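Below is one structure, written out as structure tokens, with a few remarks after it.
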Amino acid sequence: VIGFKTLGLPYQNTATGRTYAALGAVEKVAKDKGFEIAECYTKGGNVDVKTAGETVKTCFRELVKKADAIYVTNQIGVNRENIPELADIANSHRVPTFCQAGMEGVKQGLLMTVALADFKYLGEFEAMTAAKIMNGAAPGELTLYADVPYKWGFNFETAEKLRLNLSEIDLERDYIHLSDFFFDASEK
342 VIGFKTLGLP YQNTATGRTY AALGAVEKVA KDKGFEIAEC YTKGGNVDVK TAGETVKTCF
402 RELVKKADAI YVTNQIGVNR ENIPELADIA NSHRVPTFCQ AGMEGVKQGL LMTVALADFK
462 YLGEFEAMTA AKIMNGAAPG ELTLYADVPY KWGFNFETAE KLRLNLSEID LERDYIHLSD
522 FFFDASEK
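Structure representation (structure tokens):
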């Protein structure tokens, strides 16, 4: 639906920031799907929320000039106070956004997200894992990957601003499993 060639990725270039941004997974998908990554480093850690937010806005202003889409990662500089401004920056340049944080960012103007379809599946996985441990399984030897269904969330008003036609997507049918994107079947 989006068809981007370059994905903008604003994130904190620290071990924690790279983990929150799922950088390894993004790099794997970029290689597999054939798109480039335009990185921009933000500040976090020992800076206040306002300063962190300003660095994310600066990155957005840079990335809209060189990326076809932006992956909005979880970090201190992305929050409910500045998401509307981040959305305005991207939307005014017709750059679609994918929000890692879920529906809250989409409600505030970012284009789309992936969210748990139902917490029931995650709860079942966690209950089964706890039961295995209580019955003597070593936690370090258990697979701690929950293959649970996710669903897309879209802001149709934003899609209209971006002149995107989302009619090809069947929201009742298009559930995804993150394993489809990030893992080989042999890794599970």
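Just so we're on the same page, my numbering is the position in the sequence shown counted from 1, plus 341.
Beta carbons are placed, not taken as given, at the ideal position from N, Cα and C, and that holds for glycine.
Here the structure is a predicted model, which means the values were calculated and not measured.
Bridge partner(s) assigned by DSSP for VAL447: Mapped onto the sequence shown, residue 447 falls at position 106. According to DSSP, which records beta bridges pairwise, VAL447 is partnered with nothing at all.
6 Å CB neighbourhood of LYS372 in its chain, flanking five on each side removed: Counting from one through the sequence shown, the residue named residue 372 turns up at place 31. Residues of the same chain with a CB within less than 6 Å of the CB of LYS372, apart from the 5 flanking positions on each side, do not exist.
For GLY477, the three-state DSSP class (helix, strand or coil): Along the sequence shown, read from residue 1 onward, the residue named residue 477 stands at position 136. The answer is coil: DSSP assigns GLY477 none of H, G, I, E or B.
Nearest residue (CA-CA) to LYS492, options MET475, GLY443, LEU485: Within the sequence shown, the letter at position 151 stands for residue 492. Ranking the options by Cα distance to LYS492, first place goes to GLY443.
8 Å CB neighbourhood of PHE522 in its chain, flanking five on each side removed: As a position in the sequence shown, residue 522 is number 181, starting the count at 1. Note that PHE522 has pLDDT 47, beneath the 50 cutoff, so the model's placement of it is unreliable and no number is given.
ALA379 - containing alpha helix (DSSP H), residue span: Locating residue 379 in the sequence shown gives position 38, counting from the first residue. No alpha helix (DSSP H) contains ALA379, which is instead part of the beta strand (DSSP E) from 377-383.
Assigned exposure category for LYS384 - 16 Cβ within 10 Å defines buried: Taking the sequence shown and counting its residues from 1, the one referred to as residue 384 is at position 43. Here LYS384 is buried: its Cβ has 16 or more other Cβ atoms, across all protein chains shown, within 10 Å.
Nearest neighbour of ALA468, chosen from LEU451, ALA487, THR454, LEU457 [CA to CA]: Here the question's residue 468 lines up with position 127 in the sequence shown. Measuring C-alpha to C-alpha distances from ALA468 to each of LEU451, ALA487, THR454, LEU457 identifies ALA487 as the nearest.
Inter-residue spacing [alpha-carbon to alpha-carbon] between LYS398 and PRO480: Translated into positions along the sequence shown, residue 398 becomes position 57. Translated into positions along the sequence shown, residue 480 becomes position 139. LYS398 and PRO480: Cα-Cα distance of roughly 41 Å.
contact_flag[the segment 376-390, the segment 409-428] where n(CB pairs < 8 Å) is 3 or more: Touching, yes, given that three or more Cβ pairs across the two stretches are closer than 8 Å.
Opening and closing residue of the beta strand (DSSP E) in which ILE411 lies: By one-based count along the sequence shown, residue 411 stands at place 70. That run of the beta strand (DSSP E) goes 410-413.
Helix, strand or coil at LYS369 according to DSSP, with G and I counted as helix: As a working note, residue 369 is residue 28 in the sequence shown. In the three-state reduction of the DSSP assignment, LYS369 falls in the helix class.
Secondary structure of GLY418, DSSP reduced to three states: Start at 1 with the first residue of the sequence shown, and residue 418 comes out as number 77. Here GLY418 sits in coil by DSSP.
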